[in-house]
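Structure, as structure tokens:
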Amino acid sequence: MSTYEDNNIFAKILRGEIPCDKVYEDDYALAFNDINPQAPVHILVIPKGSYISIDDFGVNAPAEEVAGFYKAVANIVAEKELAGDGFRTIANTGLNGGQEVPHFHVHILGGAALGPMISKAV
Ligand code: AMP
-15 MSTYEDNNIF AKILRGEIPC DKVYEDDYAL AFNDINPQAP VHILVIPKGS
35 YISIDDFGVN APAEEVAGFY KAVANIVAEK ELAGDGFRTI ANTGLNGGQE
85 VPHFHVHILG GAALGPMISK AV
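What follows is the structure in structure tokens.
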């Protein structure tokens, strides 16, 4: 696995070096609105620790951080009242996954019917 890049844009947001449109924060996660929303609700949730991807996070983060992060996702879903009509979470990973920012993040998309999951790759 490659090394975490300290100067990625989400690391800079975590350090307060660049602003974000914050919607949630606790000890384990920070969440903010995506700068280029793909749905009426498009929130990015990032762990406070330095993890590149969902697999890096799952393998290397302490269980408390993993639990805290997914509790944060659930808290945001509840605060935004997304569960009733449904929503989508996405964790793009690596080259084939189309990941642009190499700090693990979960997209929460909702507020409208989102259509098919992905365009077909085959
Ligand atoms: P991904 O392709 O999964 O790595 O998604 C990265 C996401 O970060 C994209 O949806 C971008 O629109 C979003 N993004 C990039 N820079 C910022 C920023 N400064 N504030 C909020 N969202 C951002």
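Its first residue numbered -15, the sequence shown is counted upward by one per residue in our numbering.
Backbone N, C-alpha and C define an ideal beta-carbon position, used for all residues, glycine too.
- [ ] Could you pull the start and end residues of the alpha helix (DSSP H) that F(-6) belongs to?
- [x] I(-7) to L(-2)
- [ ] Run through the stretch 35 to 89 for me and flag every whole alpha helix (DSSP H) of 4 or more residues, listed as ranges in chain order.
- [x] 38 to 44, 47 to 63 and 78 to 81
Task: Under 8 Å between C-beta atoms of F88 and I36 - done: Yes, the pair counts as a contact, with Cβ atoms nearer than the cut-off.
Task: Candidates P24, E1 and R72: closest to A58 by CA position - done: R72
Task: For V106, the three-state DSSP class (helix, strand or coil) - done: coil
- [ ] Flag F53 as yes when its Cβ comes closer than 7 Å to any non-hydrogen atom of the ligand AMP, and as no otherwise.
- [x] Between the ligand AMP and F53, a heavy atom-to-CB distance of less than 7 Å is absent.
Task: Check whether V50 and F41 have beta carbons under 8 Å apart - done: yes
Open item on the list: When you measure from the CB of N(-9) to every non-hydrogen atom of the ligand AMP, does any distance come out below 7 Å?
Closed with: No - the ligand AMP has no heavy atom lying nearer than 7 Å to the Cβ of N(-9).
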